[in-house]
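The listed protein sequences correspond, in order, to chains A and B. If you count by numbering that gives the first Met the number 0, then the first sequence holds residues 0 to 561, one letter each, in order. If you count by numbering that gives the first Met the number 0, then the second sequence holds residues 0 to 158, one letter each, in order. The beta-carbon is built from N, C-alpha and C at its ideal position, and this holds for glycine as well. Computed from a prediction, not measured in an experiment: that's the story for all the values here.
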Amino acid sequence: MELVVERDAQGVVPARPVGAAPASGWRRLALAHFAVAFGAFGVAALIAVMQALSRANTALPFRSPAIFYLSVTAHGVLMALVFTTFFIMGLGYVVARTALGRELVSERLGWAAFVVSALGTVLAVAVILAGEATVLYTFYPPLKAHPLFYIGATLLVAGSWLWCAVMLRSYRVWRRDHPQEPVPLAMHGMLATVIVWLLATAGVAAEMLFLLIPWSLGLRETVDPVLARTLFWWFGHPLVYFWLLPAYTLWYAVLPRQVGGKLFSDPLARLVFVLFILFSTPVGFHHQFMDPGIAGGWKLAHTVSTYAILLPSFITAFTVIASLEVAGRLRGARGLFDWIPRLPWSDPFFASVALAMLTFAAGGFGGAINAAFGMNAMVHNTAWVQGHFHLTVGTAVALTFMGASYWLLPQLTGRPLRLRSLARVQPYLWFFGMLTFSVVSHATGLMGMPRRVYDASYGGHPAAQAWQAWTGLSALGGVVLFVSAMSFVTVMVASATNPRRQEASAIVYAEPLEALPRSRPVWDRFGLWAAVAVLLVVAAYGYPLWSLLRLERFGSPGYSPF
Amino acid sequence: MRVHLYERIWIGVAIGLVLLFLAAIGYGAYAFSAHPPSHVETIDPRRAREDARFARPGVRVRPDGRVEVVVLAQLFSFAPREIRVPAGRPVTFRLTSPDVIHGFQIVGTNGNAMVVPGYVSEFTTVFREPGEYLIVCNEYCGLGHHMMHGKLIVMPEGV
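Structure below.
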């Protein structure tokens with residue numbers, strides 16, 4: 000491990016006596032974000048187990064369509080938008096502070112971002128719980144929610160833009176002092192996340208500000224649902240990469256070191272993040288294959304760019320697995336596969352991340368089926384889709400974030416992890432619970448069971464009877480997942496309140512196997528790649544949006560059948 | 000940028016796989032017309048029920064011999080609730096919604112389309128197997144979403 004010395008000097012936080020002093024400013028900022036993220040996660044998990052049991056037609060108290068659909072909305076918003084966004088913002092501050100080795104620019108702006116996002120979350124969630132916004136987390140008009148739902152969601156995004164400003168400004172100040180160096184890889188990954196997020200949220204911001212907010216306030220009479228869906232999916236697919244890229248950052252820049260190895264290839268990791276900047280956004284029509292009003296040729300064009308985005312994930316699979324092999328061999332492995340059992344499978348961070356990656360391989364291939372122009376009709380809006388994204392965001396991303404929390408929390412609070420044996424079991428419970436839930440969802444989806452239905456019995460039709468036979472098994476998966484989620488939250492709360500203190504340990508990132516180049520690589524030209532990405536978005540959406548706007552369109556008034 | 004030999008091989012394989020997938024999709028799209036419903040036609044959703052194109056939902060035979068099925072998807076039912084079509088002949092579905100977005104999925108077939116107010120969805124398919132198929136709304140549309148279903152009866156050829 001003697002290879003890279005010079006870089007480490009940049010990457011390491013000057014060791015501080017964390018154990019003695021209370022959390023310093025940036026630590027408190029990050030911890031506040033994680034607290035909101037874990038709170039949202041816990042509530043959403045509680046809601047989820049109720050849905051799984053309800054779907055299996057279990058006789059629950061208060062079981063009703065109103066509560067079921069409200070809970071689907073709350074689960075989606077809390078998990079997909081609140082848990083992820085807050086965790087990623089917190090992680091971003093940690094990476095910017097520790098990888099760049101200097102203060103954030105600025106912590107005050109970071110707190111402002113937190114307050115705006117938290118306020119938006121409270122507004123949106125309150126309206127959902129009041130039953131005024133049962134429109135699911137996709138909020139397709141002409142389903143119409145209370146205006147505060149849209150305003151709250153917009154504030155959540157607006158807060159995240161301030162986070163982007165902190166990240167970009169911190170990077171620029173660092174870059175001014177280090178004009179010729181490669182940016183530390185962890186920060187490279189987080190900057191890619193920031194750029195993808197800015198590109199993505201332009202779509203949903205336009206949908207909110209020009210269509211949904213004025214419409215829900217009564218300033219606009221009608222809304223065109225296809226235009227709204229197009230703007231939503233401009234946002235909705237890169238949203239997936241906003242979740243995934245921080246997980247990739249952890250796989251590349253943290254995992255190899257945690258298992259005692261080195262990153263197999265630094266330049267390829269950078270190339271991967273650049274490919275995501277380029278191809279994350281011009282792909283949205285693969286969510287609208289079944290939509291009228293969009294010409295088939297454009298759907299095919301988006302299919303091509305969607306498949307292009309398989310490439311960086313294929314490269315990641317190689318680099319990360321090679322890094323793990325390096326670690327196994329450094330731990331004394333010989334032979335072809337001996338490095339696998341040598342890895343620390345009982346370490347909660349490693350187990351979480353390894354199981355997350357394994358799951359992502361399966362989820363990725365399912366995604367290739369969803370994105371297939373001709374095959375999508377078989378699975379569109381069936382339970383297959385929920386099976387798919389519970390493997391990808393629900394496991395590859397969420398389990399990585401949980402694993403990262405086991406690693407990060409003690410370093411941020413200066414308090415060691417408690418309930419270690421529970422933490423050891425938790426990732427495996429999640430993995431097997433999700434496997435059960437997801438395999439059943441994929442299977443029943445292929446049988447034709449629609450997603451997001453309160454009761455899938457359809458008057459006892461034989462097709463429905465066939466899939467109803469399986470819902471009990473997916474409910475069992477849901478219960479295991481719930482136990483896992485509560486174990487995670489319990490370990491987090493117990494550790495955060497641990498009266499014992501531990502010595503300060505710096506947050507250190509993985510070193511590459513081969514020394515880094517001395518000059519700034521082309522993959523670090525973020526302005527250039529962002530500009531190319533904008534051109535690709537214009538190419539993918541410019542003409543279709545223009546031709547949509549030119550149609551003689553009739554908007555829809557709002558409906559609130561909930 | 001130095002890239003390890005094994006990595007080069009793997010990247011080559013990955014690019015090959017992606018191109019293979021795309022070639023399969025392109026071949027399916029052109030050789031078997033395996034493409035999603037992408038009809039572009041608009042309609043005033045507030046007048047959809049009176050519009051000549053949707054005033055009488057049901058099954059009819061076009062002058063060119065094609066079977067046409069006109070369906071109105073609405074909160075929380077399909078009109079007509081029961082559809083009868085012959086097996087082995089191309090059937091063209093034309094759908095719209097007078098209220099919110101619905102889904103139209105014929106379980107056990109590749110019949111699947113979003114039904115969006117303000118637009119007419121259209122797709123053509125052939126049912127080879129006679130029998131009774133379940134039609135479900137697969138896009139959340141409100142509290143009665145799970146009650147929104149219908150029936151497709153495919154009659155043997157020549158009946």
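In the displayed model, B/A112 falls within a strand according to three-state DSSP. A/R96: member of the alpha helix (DSSP H) spanning 83 to 98, first to last residue.
For B/R1, the secondary structure class from DSSP, reduced to helix, strand or coil, is coil. Taking a C-beta distance under 9 Å as the contact criterion, A/W173 and A/V182 qualify as a contact pair.
Check the Cα spacing between A/R499 and each of A/Y139, A/V537, A/T72, A/P415: the tightest is with A/P415. Boundaries of the alpha helix (DSSP H) harbouring A/P543: 525 to 549, taken from the DSSP string. According to DSSP, A/A58 shares a beta bridge with no other residue. Distance from the Cα of A/G432 is smallest, within the candidate group A/S23, A/L398, A/P461, A/L411, for A/L398. A/I308 counts as buried, since at least 16 other C-beta atoms from the protein chains shown sit within 10 angstroms of its C-beta. For A/W383 and A/R517, the gap between their C-alpha atoms comes out near 48 Å.
Proximity of A/R328 to chain B, defined by a Cβ-Cβ separation below 9 Å, is not satisfied. Residue burial is scored here from C-beta neighbours: A/Q467 has at least 16 other C-beta atoms within 10 angstroms and is therefore classed as buried. Within the same chain, and ignoring the five residues on either side of A/V271 in sequence, the residues whose Cβ sits closer than 6 Å to its Cβ are P311, I314, T315. Counting only Cβ-Cβ distances below 7 Å, B/F20 has contacts in chain A at Y306, A367, in chain order. For A/I87, the nearest beta carbon of chain B is not closer than 9 Å to its own beta carbon. Closer than 9 Å to the CB of A/L550 there is at least one CB belonging to chain B.
The residue among A/L118, A/L161, A/M78, A/T137 with its C-alpha nearest the C-alpha of A/R107 is A/L161. In terms of CA proximity to A/G109, A/M88 leads the group A/L299, A/M88, A/L118, A/V126. Residue A/L480 holds the alpha-carbon nearest to the alpha-carbon of A/A47 among A/T97, A/H301, A/L480. Contact between A/L238 and A/A205 does not hold, since the beta-carbon distance rounds to 15 Å and is not under 8 Å. Per the coordinates, the alpha-carbon of A/G41 lies some 13 Å from the alpha-carbon of A/A79. A/K298 has a beta carbon lying within less than 9 Å of a beta carbon in chain B.
If you ignore the 5 residues before and after A/Y139, its C-beta comes within less than 8 Å of the C-beta of P224, A227, R228, F231, all in its own chain and listed in chain order.
Under the three-pair Cβ rule at 8 Å, the region 140 to 151 of chain A counts as touching the region 119 to 131 of chain A. Residues of the region 102 to 133 of chain B with a Cβ closer than 7 Å to any Cβ of chain A, in chain order: G102, Q104, V106, G107, N109, N111, A112, M113, V115, P116, G117, Y118, V119, S120, L133. In its chain, beyond the 5 residues on either side, L142 have a beta carbon closer than 8 Å to the beta carbon of A/P560. By the CB criterion at 9 Å, B/K150 and B/E121 fall outside the cutoff. Taking C-beta atoms as the reference points, A/H441 and A/G363 fail to come closer than 9 Å. Contact annotation: B/L71 and B/A47 have beta-carbon atoms nearer than 9 Å. The C-beta of B/I8 has fewer than 16 other C-beta atoms within 10 Å across all chains shown, which makes the residue exposed. Contact annotation: A/P520 and A/F263 have beta-carbon atoms that are not nearer than 9 Å. Under DSSP, B/M154 forms a beta bridge with B/P85. Around the Cβ of A/W545, a 10 Å sphere holds fewer than 16 other Cβ atoms; the residue is exposed. Setting aside the 5 residues that flank it on each side, B/I152 is surrounded in the same chain by R83, E131, each with a C-beta closer than 6 Å to its C-beta; the list follows chain order.
A contact is defined here as three or more CB-CB pairs under 8 Å, and the region 277 to 296 of chain A fails this definition with respect to the region 345 to 365 of chain A. Per the coordinates, the alpha-carbon of A/S279 lies some 40 Å from the alpha-carbon of A/G331.
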